[in-house]
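S.K.: Here you go, one structure.
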Amino acid sequence: MNPAESSTNTLAQAASPYLRQHADNPVHWQQWTPRALADAAARDVPVLLSIGYAACHWCHVMAHESFEDDEVAAVMNADFVCVKVDREERPDIDAVYMNATVALTGQGGWPMTCFLTPDGRPFFCGTYYPKEGFLQLLSAITETWRQRRDEVERASDHIAAELRAMSSGLPGGGPDLAPELCEHAVAAALQDQDSTHGGFGGAPKFPPSALLEALLRNYERTGSASVLSAVQRTGSAMARGGIYDQLAGGFARYSVDNAWVVPHFEKMLYDNALLLRFYAHWARRTADPLARRVAAQTARFLLTDLADGDMFVSSLDADAGGVEGSTYVWTPAQLTEVLGTDDGRWAAEVFGVTSTGTFEHGASVLQLRREPDDTQRLDRIRAALVAARLNRVQPGRDDKVVTSWNGLAITGLAEAGVALGQPDLIAAARRCAAALLTLHLVRGRLRRASLGGVVGDSAAILEDHAMLATGLLTLYQLDSDPRWLDAATSLLDTAVEHFGGSQGRWFDTADDAEQLLLRPADPLDGATPSGASAVAEALLAAAHLVPERAEPYLRLAAETLQTHSVLLARAPRSAGHWLAISEAAVRGPLQIAVACADDSAQLLAEARRLAPGGAIVVGGPMDSSPLLGGRDRVAGADAAYVCRGQVCDLPVTSAAALAAALHVPE
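Taken in order, the sequence shown gives residues 91 to 756; the numbers are from the numbering used here.
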């Protein structure tokens, strides 16, 4: 990049909607490229790195206050090379500088604001700054850069060394993976539960999707009433609170309060895909009508609000028309205006809409703390309010298609289709998988994201390979289509070759990807499962579906779980997905192969209903899949073969005998 080229904003052609949101800023934003860093070196100025995402409320606030302001932009353009990054498109860059921000400030968040040397070493980091504070910070950074460069070099060297030391401190193994370790992790997590409002810890409360799935799997193994109670308490509280859209389905990103009343209104694909899987699993296990309704509505939310052709987009914004939550909140007068006096009063009572409000300016977020007796009236009122709401300004939508999150959606939709008896959801999962494999695989390597049917340049990371592979393996168990198994095996082989380290350790970026300040390798589960725990899940399933890879996949899955077992011992709330996979592993994992004529067999349907989370279930004629190799119907009757690891029971031919063999609590 010629220094003159940094005198313009170059984001209009970016593949990220978030970056395009800033294309009209007077700031001369550049995308993250080696040329942008080289320009900073040529100009002898720092890099001002701003990281955010399209649905982020405070990102919008800082953009409006500072990045759209000519005074602020003039300072930024004169004294810095300004680089914008979408954390969802480049999670590797986000991970590096989030670690720096947390190390320097004790907390992180978005927008993230970092100042770097031209070779990428951070020397000052923060998050949101109001205009006046930001101008003061820019002046102080520039003065320090020009007058005390030696301090900048020492600070950046020290921070870079600390980050590299942190990244090398990967888990070194822990207790043996055994039921006792799972019990310890469950007990530790339950100590942190909010026994009044559900959830774990205090506000803000994020949906603990992976931990809920893990607890449900633990209940299926142990039959613990206290574990099931914790699952039901949190699942019900979220589903009845303001974090859930009581009119059209779909969960917001998090609740700002203890009681799940007021959400931060952005809706993310990954949250809803993970929660869809959990609620579908809960519905399948207990037949709870709330779980069943929420699973069905969440699936429809994905198919209606987040669909982009056959794939799914990233998010809906927190704001609409520049006002957070304005699409979703109501006053009693607004309800009456739409519904009339009687229905308006009834709806206000049912949805907890008060004259004082639960949100801002006297408005309320809708809640449904109990099911009304008149469900037909509720359905009619819901339809009327949804129609009225469509006339309001709608949230913006980030149309970026992210591989890993679509992989989560494939799994969630497929499992919900089974749990709810809705084959159209399974069909949607198949279409998504086919579209991803067509567009996001380029010359045999996976890409991170696409926009408008055009795949981006960013390389896929570990979670993309693992979560898509798990989705494909889920589909294969439903239809035995070899294309899903072949594609999943290829993705896992790529992951092993390019992302694997030694002794079950994994890096989040490939060994041939862009070399950043350090190579990210975060094993902790966060809003989504870590790449390492996600690949452990895929390896464990594939090992029992791909006989020729069984030994290396099983060995690597076992090494990965053992290396990270320390997380279950020390930080179970940050290891929810690890616990879910460990629960599956200590069961064998469980495999159920049903020899039957076709997919309509009643015994196969019963196997899918009874199977605990993480179990592998296939069905069809003898030899139609590896688990059915040499296994046939028995005396003319469909037969279920139950195995735990490498140990198999005698086949059973009735639903009652299968339930007894699985030891699943009813």
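Here a beta-carbon is modelled for each residue, glycine too, at the ideal position from N, C-alpha and C.
Which residues in the same chain as Val419 place their Cβ atom closer than 7 Å to its Cβ, once the five residues preceding and following it in sequence are excluded?
M.R.: Phe449, Ala453, Ser454 and Val455
S.K.: By Cβ distance, which residues of its chain are closer than 7 Å to Ala304, with the 5 residues on each side in sequence left out?
M.R.: Gly666, Leu669, Ala670 and Glu673
S.K.: Over what stretch of residues does the beta strand (DSSP E) that includes Leu206 continue unbroken?
M.R.: Met202 to Leu206
S.K.: Is the beta carbon of Pro422 closer than 8 Å to that of Ala438?
M.R.: yes
S.K.: By DSSP, does Glu649 sit in helix, in strand, or in coil?
M.R.: helix
S.K.: Excluding five sequence neighbours on each side, which residues of the same chain lie with their C-beta closer than 6 Å to the C-beta of Glu179?
M.R.: Ser106, Ala539 and Ser548
S.K.: Rounded to the nearest angstrom, what separates Ala691 and Asp728 at their Cα positions?
M.R.: 8 Å
S.K.: Starting from the Cα of Pro136, find the closest Cα among Ala104, Asp114 and Phe170 and give me that residue.
M.R.: Phe170
S.K.: List the residues that DSSP assigns as beta-bridge partners of Gln692.
M.R.: The partner list for Gln692 (beta bridge, DSSP) is empty, contrary to what the question assumes.
S.K.: Using CA atoms only, rank isn't needed, just tell me which of Gly704, Thr286 and Gln103 is closest to Gln322.
M.R.: Thr286
S.K.: Taking the alpha-carbon of Leu526 as reference, which of Thr560, Trp119, Leu515 and Val491 has the nearest alpha-carbon?
M.R.: Selection Thr560, Trp119, Leu515 and Val491 evaluated against Leu526 yields Val491 as nearest (Cα-Cα).
S.K.: If you reduce the DSSP assignment to three classes, tell me which class His654 lands in.
M.R.: coil
S.K.: Quick one: which unbroken alpha helix (DSSP H) runs of 4-plus residues sit fully inside the region 139 to 166? Chain order, please.
M.R.: 147 to 152
S.K.: Near Asp816, which residues of its chain fall below 8 Å by C-beta distance, leaving aside the five closest residues on each side in sequence?
M.R.: Absent from the structure is residue 816, since the part of the chain shown begins at 91 and ends at 756.
S.K.: Figure out for me which residue from Asp361, Gly332, Leu581 and Arg609 has the closest Cα to the Cα of Val440.
M.R.: Gly332
S.K.: Thinking C-alpha only, which one of Ala517, Gly591, Ala751 and Ala279 is nearest Pro298?
M.R.: The option with the nearest alpha carbon to Pro298 is Ala279.
S.K.: Name the DSSP beta bridge partners of Pro353, please?
M.R.: Answer by DSSP bridge pairing, in chain order: Ser345.
S.K.: Can you check DSSP and say which residues form a bridge with Cys686?
M.R.: Note: Cys686 sits in no beta bridge, so no partner.
S.K.: Ala385: which of Ala408, Leu565 and Gly502 sits nearest, CA to CA?
M.R.: Gly502
S.K.: Ends of the alpha helix (DSSP H) at Tyr218?
M.R.: Secondary structure note for Tyr218: it is in no alpha helix (DSSP H), with a DSSP letter that is neither H nor E.
S.K.: Which residue marks the beginning of the alpha helix (DSSP H) containing Tyr108, and which one marks its end?
M.R.: Pro107 to Gln111
S.K.: At what residues does the beta strand (DSSP E) containing Val175 begin and finish?
M.R.: Val171 to Asp176
S.K.: Going by DSSP, what residue range makes up the beta strand (DSSP E) through Ser540?
M.R.: Ala539 to Leu541
S.K.: Output needed for Ala363: all residues of its chain with C-beta closer than 6 Å, excluding positions within five of it in sequence on either side, in chain order.
M.R.: Contacts found: Leu498, Ala499 and Gly502.
S.K.: Tell me the rounded alpha-carbon separation between Gly196 and Glu649.
M.R.: So the alpha carbons of these two residues sit roughly 32 Å apart.
S.K.: Using a Cβ-Cβ cutoff of less than 6 Å, which residues in the same chain neighbour Gly415 once the five nearest sequence positions on both sides are dropped?
M.R.: Phe355
S.K.: Just to confirm before moving on: does the CB-CB distance between Phe214 and Val162 stay below 8 Å?
M.R.: no
S.K.: Ignore the nearest five residues each way along the sequence and tell me which others in Gly412's own chain have a CB closer than 8 Å to its CB.
M.R.: The answer, listed in chain order, is His150 and His154.
S.K.: Among the candidates Leu510, Asp576, Ala550 and Gln512, whose CA atom is the shortest distance from the CA of Ala524?
M.R.: Among Leu510, Asp576, Ala550 and Gln512, the Cα nearest to that of Ala524 belongs to Asp576.
S.K.: Looking only at its chain, what residues have a beta carbon closer than 7 Å to the beta carbon of Val737, apart from the 5 residues adjacent to it on each side?
M.R.: none
S.K.: With H, G and I counted as helix, E and B as strand and the rest as coil, what does DSSP make of Tyr369?
M.R.: Of the three classes helix, strand and coil, the one that applies to Tyr369 here is helix, per DSSP.
S.K.: My parser needs the alpha helix (DSSP H) runs of 4 or more residues fully inside the region 506 to 541; what are they?
M.R.: 513 to 529
S.K.: How long is the line joining the alpha carbons of Gln512 and Ala506, rounded to whole angstroms?
M.R.: 8 Å
S.K.: Run through DSSP, which three-state label would Leu629 get?
M.R.: helix
S.K.: Grouping DSSP H, G and I as helix and E and B as strand, with all else coil, what is Leu607?
M.R.: Per DSSP, reduced to three states, the secondary structure at Leu607 is coil, with no helix or strand assignment.
S.K.: Rounding to the nearest angstrom, what Cα-Cα distance links Arg472 and Ala338 in this structure?
M.R.: 8 Å
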